[in-house]
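Heads up: take any position in the sequence shown, counting from 1, add 1, and you land on the numbering used here.
We treat Cβ as the ideally placed atom computed from N, Cα and C, and that holds for glycine.
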Amino acid sequence: MVSFPEDFEAREAAARRLLEELRAETAELALRLQAAQEDLSRWEISRETVTKVLAELSAAEPATEVDVPVMPEQKPSPTAAGKGRRPCGRSRALRASSGSCCAFRTGSAP
Numbered sequence: 002m003v004s005f006p007e008d009f010e011a012r013e014a015a016a017r018r019l020l021e022e023l024r025a026e027t028a029e030l031a032l033r034l035q036a037a038q039e040d041l042s043r044w045e046i047s048r049e050t051v052t053k054v055l056a057e058l059s060a061a062e063p064a065t066e067v068d069v070p071v072m073p074e075q076k077p078s079p080t081a082a083g084k085g086r087r088p089c090g091r092s093r094a095l096r097a098s099s100g101s102c103c104a105f106r107t108g109s110a111p
């Protein structure tokens, strides 16, 4: 049987070990907290800087409308029109299966 003083010393040693473990965890958390605070500060400064630059740019430039060119609709050639083909030579069924037409340079080539 363990004597009372030995049991007392064992419990005290366990409490000391726990305390040291918690201090180590606290030190690690303090470092992580500091890094997170620095990261947040950089993001806040970046946001403020971008907001300021954008405000300065919008104030310096007069509002202008941008003309977006509209491409005219391409008409099928007279020789291909009767055959159900586009100027590129692809049939409507083939276009429907691939979802694209080379005349418009979208999707896969013929």
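Local Cβ density within 10 Å of residue i, reported as buried at 16 or more and exposed below that
| i | result |
| --- | --- |
| Phe105 | With a pLDDT of only 47 at Phe105, under 50, the local geometry of the prediction cannot be trusted, and no value is derived from it. |
Three-way DSSP call (helix, strand, coil) for residue i in this model
| i | result |
| --- | --- |
| Glu13 | helix |
| Val71 | coil |
| Glu22 | helix |
| Glu62 | coil |
| Ser42 | helix |
| Ser4 | coil |
Cβ neighbours of residue i in the same chain (closer than 6 Å, five flanking residues each side left out)
| i | result |
| --- | --- |
| Glu45 | none |
Cut-off 7 Å between Cβ atoms - residues of its own chain near residue i, not counting five sequence neighbours on either side
| i | result |
| --- | --- |
| Leu55 | none |
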